[in-house]
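Here the structure is laid out as structure tokens; the discussion comes afterwards.
2 protein chains.
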Amino acid sequence: MEYKFGSDEYFMNEAYKQAEIAYEQHEVPVGAIIVSNGKIIAKAHNQTEMLTDSTAHAEILALTSAFDYFGAKYLPDCTLYVTLEPCTMCAGALYWSQIGKVVIGANDEKRGYIRLSSPQEKVLHPKTILEEGVLSEQCGNLVTDFFKKLRK
Amino acid sequence: MEYKFGSDEYFMNEAYKQAEIAYEQHEVPVGAIIVSNGKIIAKAHNQTEMLTDSTAHAEILALTSAFDYFGAKYLPDCTLYVTLEPCTMCAGALYWSQIGKVVIGANDEKRGYIRLSSPQEKVLHPKTILEEGVLSEQCGNLVTDFFKKLRK
Chain A
118 MEYKFGSDEY
128 FMNEAYKQAE
138 IAYEQHEVPV
148 GAIIVSNGKI
158 IAKAHNQTEM
168 LTDSTAHAEI
178 LALTSAFDYF
188 GAKYLPDCTL
198 YVTLEPCTMC
208 AGALYWSQIG
218 KVVIGANDEK
228 RGYIRLSSPQ
238 EKVLHPKTIL
248 EEGVLSEQCG
258 NLVTDFFKKL
268 RK
Chain B
118 MEYKFGSDEY
128 FMNEAYKQAE
138 IAYEQHEVPV
148 GAIIVSNGKI
158 IAKAHNQTEM
168 LTDSTAHAEI
178 LALTSAFDYF
188 GAKYLPDCTL
198 YVTLEPCTMC
208 AGALYWSQIG
218 KVVIGANDEK
228 RGYIRLSSPQ
238 EKVLHPKTIL
248 EEGVLSEQCG
258 NLVTDFFKKL
268 RK
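Below, the structure written as structure tokens:
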């Protein structure tokens with residue numbers, strides 16, 4: 118499917134392509150990209166198996182890549198697109214990055230950070246804008262399919 | 118001060134030495150070590166400034182180092198000693214590592230993960246044993262002193 122360049126769907130689909138790479142590599146299929154000024158400046162997918170590092174989630178790898186790109190510790194003008202709701206660790210990392218916006222594909226009720234958040238405690242940085250549900254079915258199906266295959 | 122080799126105070130003091138290195142390098146002074154079978158297998162201190170990476174906390178760096186050491190994604194037989202209560206990101210990372218035990222020096226009511234935890238949701242892995250308050254004054258004073266100097 119073709120999405121209008123620069124739309125949320127377009128960028129989420131780019132994150133989805135990263136998730137597909139993870140899927141092919143037998144990693145939990147989650148992908149993330151970071152956009153600044155309409156340009157993709159970081160792409161990453163889950164690499165916990167390949168790196169034997171249970172913290173090597175797509176979001177963490179994309180953040181580190183973006184910090185490198187800008188030579189900066191904060192990313193207030195960036196947007197992260199991620200195919201699955203970030204876990205507690207990744208939401209905490211996004212907090213420290215002060216990222217401008219986070220766009221989520223599918224929700225993750227079991228491991229996602231949103232269950233820990235409240236109006237008093239957003240987990241993400243107070244200035245970070247949150248958007249949910251972009252291409253959620255497509256993003257979620259890839260994860261469901263992965264675990265179905267794994268259990269076989 | 119001398120602590121009995123192998124005691125919690127001994128290992129926390131080793132983590133404290135890491136925090137002192139961070140202090141000297143103008144980093145928020147937090148240190149962490151990971152112990153397996155009575156042996157220190159990873160040491161790290163906060164390096165967010167040096168690496169220009171706001172996720173480069175002592176706990177994350179120590180975990181990555183321990184994953185490398187064992188070539189494993191999980192650390193059920195290890196204990197992490199950390200001078201300051203882990204933030205949400207680090208607690209989330211410790212969750213994924215399934216680390217056996219976490220020993221905390223000083224608490225951090227503002228940024229620490231404990232405020233987000235509940236009996237239903239420990240944030241850490243359900244199997245992880247938590248111990249708090251080891252050399253807490255010493256560990257906390259270093260952080261207080263750092264921020265006092267910074268504000269001058």
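Quick note, the sequences are listed as chains A and B, same order. As numbered in this note's numbering, residues 118 to 269 make up the first sequence, in order. As numbered in this note's numbering, residues 118 to 269 make up the second sequence, in order. C-beta: ideal position from N, C-alpha, C; glycine also.
Nearest candidate by alpha-carbon position, reference Leu180 (chain A), set B:Ser171, B:His162 and B:Gly188: Reading the first sequence from its first residue, position 63 is the one you call residue 180 (chain A). Minimum Cα distance to Leu180 (chain A) is reached at B:Ser171.
C-beta contact flag for Lys190 (chain A) and Thr165 (chain B) at 8 Å: Walking along the first sequence from the start, residue 190 (chain A) turns up at place 73. Walking along the second sequence from the start, residue 165 (chain B) turns up at place 48. In this structure, Lys190 (chain A) sits near Thr165 (chain B), with a CB-CB distance shorter than 8 Å.
is_contact[Ala210 (chain A), chain B] using C-beta, thresh 8 Å: Taking the first residue of the first sequence as position 1, residue 210 (chain A) is located at position 93. Output row for Ala210 (chain A): interface = yes.
Cutoff 6 Å; reference Lys160 (chain B); Cβ partners in own chain excluding five residues on either side: As a working note, residue 160 (chain B) is residue 43 in the second sequence. Spatial neighbours of Lys160 (chain B) in its own chain (CB-CB distance under 6 Å, excluding positions within 5 residues in sequence) are listed in chain order as Gln135 and Ile150.
Can you say whether Leu267 (chain A) is buried or exposed, counting buried as having 16 or more other CB atoms within 10 angstroms of its CB? Position 150 of the first sequence, counted from the start, is the residue given in the question as residue 267 (chain A). The residue in question, Leu267 (chain A), is exposed, as its Cβ has fewer than 16 Cβ neighbours within 10 Å.
Give the interface partners of Met129 (chain B) over in chain A, defined as CB-CB distance under 9 Å, in chain order. As a first step, residue 129 (chain B) must be located in the second sequence, where it is residue number 12. Listed along chain A is no residue with a C-beta nearer than 9 Å to that of Met129 (chain B); the closest approach is about 23 Å.
Below 9 Å between beta carbons is the criterion; list the residues of the stretch 170 to 191 of chain A that meet it against any residue of chain B, in chain order. Answer set for the stretch 170 to 191 of chain A: Asp170, Ser171, Thr172, Ala173, His174, Ile177, Leu180, Thr181, Phe184, Asp185, Phe187, Gly188, Ala189, Lys190 and Tyr191.
I want to see whether chain A comes within less than 8 Å of Cys256 (chain B), judged by CB atoms only; does it? The residue given as residue 256 (chain B) occupies position 139 in the second sequence. With 8 Å as the cut-off, Cys256 (chain B) does not count as an interface residue toward chain A.
With DSSP as the reference, label Leu192 (chain A) as helix, strand or coil. Within the first sequence, residue 192 (chain A) is the residue found at index 75, counting from 1. Note: Leu192 (chain A) maps to coil in three-state DSSP.
I'd like the span of the beta strand (DSSP E) that includes Tyr160 (chain B), first residue to last. Here residue 160 (chain B) is taken as the residue at index 43 of the second sequence, counted from 1. Just to set this straight, residue 160 (chain B) is Lys in the shown sequence, not Tyr. Counting along the chain, the beta strand (DSSP E) containing Lys160 (chain B) begins and ends at Lys156 to His162.
Apart from the five residues on each side of it in sequence, which residues of its chain come closer than 6 Å, Cβ to Cβ, to Ile246 (chain B)? Along the second sequence, read from residue 1 onward, the residue named residue 246 (chain B) stands at position 129. Cβ within range, chain order: Lys218.
Which full runs of the beta strand (DSSP E) of 3+ residues lie inside the stretch 196 to 245 of chain A, going along the chain? Taking only runs of at least 3 residues, the beta strand (DSSP E) segments lying wholly in the stretch 196 to 245 of chain A are 218 to 223.
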